[in-house]
Structures are given as C-alpha cells and as structure tokens.
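2 protein chains.
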Amino acid sequence: MNDGNEATGQAVVSRRKDARRNQETLLNAAATVFVASGVNAPVRDIAAKAGVGVGTIYRHFPTRADLVIAVYRHQVDACAEAGPALLATGLSPHAALGQWIDLFVDFLVTKHGLAAVLRSDNSDFEALRAYFLDRLVPVCAELLEAAAVAGEIRPGIDAYELMRGVGNLCIGADSDPRYDARHMVELLIAGLRGPHR
Amino acid sequence: MNDGNEATGQAVVSRRKDARRNQETLLNAAATVFVASGVNAPVRDIAAKAGVGVGTIYRHFPTRADLVIAVYRHQVDACAEAGPALLATGLSPHAALGQWIDLFVDFLVTKHGLAAVLRSDNSDFEALRAYFLDRLVPVCAELLEAAAVAGEIRPGIDAYELMRGVGNLCIGADSDPRYDARHMVELLIAGLRGPHR
DNA sequence: AACGATACGGAACACGGTTCCGCTTTGGCA
DNA sequence: TGCCAAAGCGGAACCGTGTTCCGTATCGTT
Chain A
79 MNDGNEATGQ
89 AVVSRRKDAR
99 RNQETLLNAA
109 ATVFVASGVN
119 APVRDIAAKA
129 GVGVGTIYRH
139 FPTRADLVIA
149 VYRHQVDACA
159 EAGPALLATG
169 LSPHAALGQW
179 IDLFVDFLVT
189 KHGLAAVLRS
199 DNSDFEALRA
209 YFLDRLVPVC
219 AELLEAAAVA
229 GEIRPGIDAY
239 ELMRGVGNLC
249 IGADSDPRYD
259 ARHMVELLIA
269 GLRGPHR
Chain B
79 MNDGNEATGQ
89 AVVSRRKDAR
99 RNQETLLNAA
109 ATVFVASGVN
119 APVRDIAAKA
129 GVGVGTIYRH
139 FPTRADLVIA
149 VYRHQVDACA
159 EAGPALLATG
169 LSPHAALGQW
179 IDLFVDFLVT
189 KHGLAAVLRS
199 DNSDFEALRA
209 YFLDRLVPVC
219 AELLEAAAVA
229 GEIRPGIDAY
239 ELMRGVGNLC
249 IGADSDPRYD
259 ARHMVELLIA
269 GLRGPHR
C-alpha cells in the first residue's frame with residue numbers, strides 16, 4: 079500500500095538526502111503543532127511550521143492519518159510492550175490490566191483530540207485506528223485472558239470492544255473540565271468483575 | 079438568544095403561513111434524511127429533500143445543531159420523562175437506572191451518528207449537547223440519588239460524567255459490527271456497584 | 001558540466017457549513 | 001380589489017478543510 083515512509087515501513091534508506099531531512103523536520107513540526115493545537119491542527123499549519131509546502135507532507139504521508147500514526151507510533155509500541163511486562167511483575171492479572179489501561183488512558187488524554195479521532199465512525203483515520211487496534215488489542219486480550227483464568231473477572235469480555243470502549247470514554251477528556259475520563263474508565267474496569275456483586 | 083423557532087422556544091405563531099409550512103417541511107425532510115444518511119448529512123441534502131434553498135434552513139435554524147435539536151427534541155423529552163416514571167414502578171432504584179440508561183442508549187444507537195455529535199470536544203453542536211444534558215442530567219441525578227440512598231451503588235457518582243460516559247460509549251455503535259455499545263454500557267453500570275466486589 | 005530522476009511548493013480542486021442579497025410572496029389596508 | 005412594505009426565499013458566493021496536480025528546483029551520477 080505504501081512505499082518507503084515511516085508510516086508503515088522502516089525503509090528510510092535510498093532516498094534523497096533532502097527528502098529524509100524533510101521527513102524528519104515534518105515529524106518534529108507535527109509533534110510540536112499537535113501539542114500546541116491538538117491532533118486536528120490543519121495540515122497547512124504543520125507545513126508552515128516545518129517550512130515546507132503541503133505537497134511535501136502528502137508525498138511523505140499519503141494522508142493526515144499516516145502522519146499522526148508516524149508521530150505516535152513509538153508511544154503506541156511502548157504501550158503495547160508494557161502489557162506483558164506488567165503481567166510479569168507479579169501483580170494480580172486484574173491489577174495488571176488496570177494499570178495497563180491506565181497507561182493507555184494517560185496516553186490518550188494527554189494527546190489533545192487523539193481519542194476523538196480513533197472513534198469508529200469517521201472513515202478517514204481508518205489506518206490510524208487499525209494501527210492502534212492491531213497493536214493493542216492482542217495485548218489487551220492477553221491481559222484479559224490471564225485475569226479470566228485467575229477468576230478475577232467475568233469471562234467472555236471481548237478485547238476489541240473493551241479497547242474501543244476505553245478509547246471512546248477518553249473522547250473530550252481534555253476540553254471539558256467537568257468530565258474526567260479516568261473516573262468512567264475506573265467504573266468500566268470495576269464492572270469487569272463478576273456479573274453481580 | 080433565539081427568536082421564534084422550534085429549536086429553543088415554541089412561539090410558532092405570528093409568522094407567515096409559508097414560513098410555518100416550510101419549517102414543518104424542513105423538519106420532516108431532516109428527519110428522513112437523518113434516518114437515511116445519518117445526522118451528519120450535508121445541509122444541502124436536507125434543503126434538496128425539502129425542496130428549499132439552504133438559506134431557508136438557516137433562517138429557521140441558525141445552525142445545523144439547532145435543526146438536529148428540533149428534530150429530536152420530542153424524543154429527548156420523552157426520555158427525560160421516563161426517568162421518574164421508572165422510579166415509580168416499584169423496581170429497585172438500580173434496576174430503574176439500568177432501564178433508563180437502556181432507553182437512552184437505544185435512542186442514541188438508532189440515530190446514526192448522533193452520539194458522535196454529542197461528544198464534548200467539537201465546539202459546533204454546543205447547543206445540541208447543552209440541550210441533551212440540561213434535559214437528562216437532572217433525571218440521571220435523581221435516579222443515581224435514589225440508588226445511592228438505597229445503598230445499591232457507590233456514592234459520589236456524578237450524573238454529568240455518567241451521561242457523558244454513556245454517550246461516549248455509544249459513539250460508532252452503528253457502523254462497527256464488532257462493537258456493541260450495550261455491552262460496554264452494561265459493564266459501566268455494573269461498575270457502579272461498590273468500589274470492590 | 002550536464003542531465004535524468006527525485007522532490008518540492010503552492011495554486012487549484014472538492015466539499016462542508018454559513019452568509020448575503022436581489023427577487024418573490026404574503027397579507028393588511030385603502 | 002389592488003397596492004406595497006415587510007417577511008421570506010433561493011442559491012451564488014465565501015471561508016476553512018483535506019487532497020491533488022504540475023511546473024520548477026534540487027540532487028547525485030556520469
């Protein structure tokens with residue numbers, strides 16, 4: 079689907095020096111602008127910040143979603159890798175799951191507007207959603223399975239649904255002082271325990 | 079804030095006959111288009127369906143959000159009124175709360191894209207969100223209070239947060255066969271019971 | 001130094017909400 | 001009934017998005 083950009087592969091080699099430099103510049107500019115103005119900052123703003131034309135962005139990242147993926151890829155990967163690690167700490171599986179979800183929530187709510195973009199209507203950002211879910215759902219499933227085996231949660235919880243649910247709960251967590259996504263996520267995780275008290 | 083349109087008041091009187099007829103036509107057209115293409119259908123589509131110019135829409139409804147409010151106002155009101163009624167049926171407060179939330183969820187998930195528009199970032203649709211919350215948060219608070227008094231749920235749950243959380247969980251419930259908002263809402267409501275099992 | 005391949009800039013396009021204004025319709029009044 | 005100001009209407013035009021296109025500039029190889 080893609081040629082040689084950071085978004086989907088790592089073949090950063092064999093390209094003109096200026097191209098590689100621009101890609102680097104773009105990622106930095108995008109990261110900066112995302113922090114300042116949120117993930118929905120106009121492409122033109124990012125181009126301006128990087129001092130390049132919009133065409134350059136689209137040559138490196140076929141769509142805005144790919145740029146967002148590239149910017150957050152490392153952090154998503156780190157989150158994914160934290161799952162097994164937590165399980166190995168000796169915490170109870172349910173506690174490990176809780177902490178892992180906290181990690182995910184922290185990541186989402188500190189990225190202005192990121193959660194909103196992960197929602198499953200909105201057909202742009204398909205690639206972004208796919209990347210997040212491909213990476214994180216298996217980890218979640220593993221944690222869920224461990225907790226289920228330990229009898230700490232009700233069985234039959236679908237990791238995909240849970241990730242989507244948690245992601246949804248984080249939407250607008252910034253930008254609305256009266257809404258604290260962590261409270262709701264905590265309730266949701268608490269609800270994982272048996273069907274009734 | 080507003081003059082004499084359905085969105086915020088009821089003074090439908092003292093306007094030209096054609097204006098009232100057009101408003102009626104518009105509401106019907108909008109409702110039809112919303113069902114067919116979702117709440118995010120372009121204003122031009124609605125205008126076309128109604129056989130009027132876009133200017134006419136904006137004269138009757140200052141913004142798209144006001145049109146959406148007008149279309150769903152009755153159903154929101156009905157939902158609000160169902161709360162006290164459920165409480166009076168003799169069900170346990172927690173059960174009543176559960177059923178009321180179900181009503182709300184049913185309403186949201188059957189309106190293609192409505193939930194997505196209620197999310198609290200997205201500064202358009204401020205009016206829409208305000209209407210929903212003004213109407214439903216007090217009802218939710220009442221049900222929550224009753225359940226708390228009965229000792230069925232943990233205390234200190236904020237009705238506003240809960241409504242926002244439930245609304246968020248419903249985002250994209252249509253348009254994604256793998257995600258069933260009802261499951262997640264059920265977990266959330268289950269989580270309302272004591273802090274630990 | 002020259003030249004083909006690669007990359008760049010940014011104008012132009014598609015598409016959404018919203019505004020504006022010249023024209024039409026209505027309805028009270030002579 | 002006929003007139004005409006006010007009320008309403010239609011839709012072109014405008015603004016802000018993401019995305020595409022293509023003439024021009026740069027690179028790096030010969």
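Protein sequences, first through last, are from chains A and B.
The opening position of the first sequence corresponds to residue 79 in this note's numbering, with each subsequent residue numbered one higher.
The opening position of the second sequence corresponds to residue 79 in this note's numbering, with each subsequent residue numbered one higher.
Beta carbons are placed, not taken as given, at the ideal position from N, Cα and C, and that holds for glycine.
Counting only Cβ pairs nearer than 9 Å, list the residues of chain A close to R256/B. Neighbours of R256/B on chain A, chain order: S198, D236, Y238, E239 and R242.
Which chain A residues are close to H261/B, counting only those with a beta carbon under 7 Å from its beta carbon? For H261/B, the chain A residues whose Cβ falls inside 7 Å of its Cβ are E239, in order along the chain.
Output yes if chain A places a C-beta closer than 9 Å to the C-beta of I179/B; else output no. Taking Cβ atoms only, chain A never reaches closer than 9 Å to I179/B, which makes this a no.
Which chain A residues are close to I249/B, counting only those with a beta carbon under 8 Å from its beta carbon? The answer, in chain order, is R197, S198, D199, N246 and I249.
Is there a Cβ from chain B that is less than 9 Å from the Cβ of R271/A? So, interface residue.
P162/B to I235/B, Cα distance in whole Å? So the two alpha carbons sit approximately 19 Å from each other.
Does the count of Cβ pairs from the region 253-272 of chain B and the region 195-204 of chain B closer than 8 Å reach three? Counting C-beta pairs closer than 8 Å gives fewer than three between the region 253-272 of chain B and the region 195-204 of chain B, which falls short of the contact rule.
Within 9 Å (strictly less), CB to CB, does A268/A reach chain B? Chain B, which has a Cβ nearer than 9 Å to the Cβ of A268/A, makes this yes.
Top-ranked residue by Cα proximity to L211/B, from L222/B, R99/B and A237/B: L211/B has its Cα closest to that of A237/B, out of L222/B, R99/B and A237/B.
So, does the CB of R275/B fall closer than 9 Å to a CB anywhere in chain A? In this predicted model, R275/B has a pLDDT of only 42, less than 50, meaning its place in the structure is not dependable enough to derive any value.
Measuring straight from C-alpha to C-alpha, what distance separates Q153/A and R99/B? Q153/A and R99/B have their alpha carbons spaced roughly 56 Å apart.
Three or more beta-carbon pairs under 8 Å between the region 99-108 of chain B and the region 165-181 of chain B, yes or no? Taking one beta carbon from each stretch, the region 99-108 of chain B and the region 165-181 of chain B have fewer than 3 pairs nearer than 8 Å; the two do not touch.
Can you check whether the C-beta of A205/B is within less than 9 Å of a C-beta belonging to chain A? No, A205/B lies away from the interface with chain A (no Cβ there is under 9 Å from its Cβ).
Helix, strand or coil for N301/A, going by three-state DSSP, please let me know. This structure leaves residue 301/A out entirely; chain A is present only between 79 and 275.
Would you say A205/A and A143/A are within 9 Å of each other, going by their C-beta atoms? Yes, these two residues count as a Cβ contact at 9 Å.
Confirm, please, whether the CB-CB distance from G131/A to L265/B is below 9 Å. For the 9 Å CB-CB criterion, L265/B and G131/A do not form a contact.
Contact check, N246/A vs I249/B, beta carbons under 9 Å: The Cβ-Cβ distance between N246/A and I249/B falls below 9 Å.
Given this structure, state the Cα-to-Cα distance separating L164/B from P233/B, to the nearest angstrom. If I take the Cα positions, the gap works out to 21 Å.
At the level of alpha carbons, what is the spacing between R151/B and L214/B? Across the structure, R151/B and L214/B are spaced so that their CA atoms are roughly 12 Å apart.
Looking at chain A, which residues of the region 138-152 of chain B have a Cβ within less than 7 Å of any of its Cβ atoms? Listed by position along the chain: nothing, the set is empty.
Report yes if the C-beta distance between V263/B and V183/B is below 9 Å; otherwise report no. One thing to note: V263/B has its Cβ within 9 Å of the Cβ of V183/B.
If you measure beta-carbon to beta-carbon, which residues of the region 153-174 of chain A are closer than 8 Å to chain B? Of all residues in the region 153-174 of chain A, none comes within less than 8 Å of chain B when Cβ atoms are compared.
Could you tell me the distance, in whole angstroms, from the CA atom of R159/B to the CA atom of G129/A? Sequence inspection shows Glu at residue 159/B; the Arg mentioned does not correspond to that position. Going from the Cα of E159/B to the Cα of G129/A covers about 56 Å.
Just how far apart, CA to CA, sit K189/B and A125/B? The alpha-carbon atoms of K189/B and A125/B are separated by roughly 20 Å.
V227/A versus H261/B: straight-line alpha-carbon distance, rounded: Cα to Cα, the separation comes out at about 21 Å.
Can you give me the Cβ contacts of T141/A inside the same chain, cut-off strictly under 8 Å, excluding the 5 residues immediately before and after it? For T141/A, where only same-chain residues beyond five positions count, the Cβ hits under 8 Å are D202 and A205.
In three-state DSSP terms, what is D199/A? Note: D199/A maps to coil in three-state DSSP.
Measure from the C-beta of E220/A to each C-beta in chain B and report whether the shortest distance is under 9 Å. So no, E220/A is outside the interface.
How big is the Cα-Cα spacing for I147/A and A208/B? About 33 Å.
Excluding the five sequence neighbours on either side, which residues of its own chain have a C-beta within less than 7 Å of the C-beta of W178/A, listed in chain order? Correct list, in chain order: A160, G161, L164 and L221.
Does G176/B have its Cβ less than 9 Å from a Cβ in chain A? Not closer than 9 Å to any Cβ of chain A, the Cβ of G176/B fails to qualify, so no.
Tell me whether I249/B sits in a helix, a strand or coil according to DSSP, three-state version. I249/B: coil per DSSP, three-state reduction.
Best match in L145/B, D254/B, C157/B and I231/B for proximity to Q101/B [C-alpha to C-alpha]: Per the Cα distances, L145/B.
What residues from chain B crowd round A194/A, counting only those whose CB sits closer than 7 Å? Simply R197 and D199.
Give me the Cα-Cα distance between G133/A and K95/B, rounded to the nearest whole angstrom. Cα-Cα distance, rounded: 53 Å.
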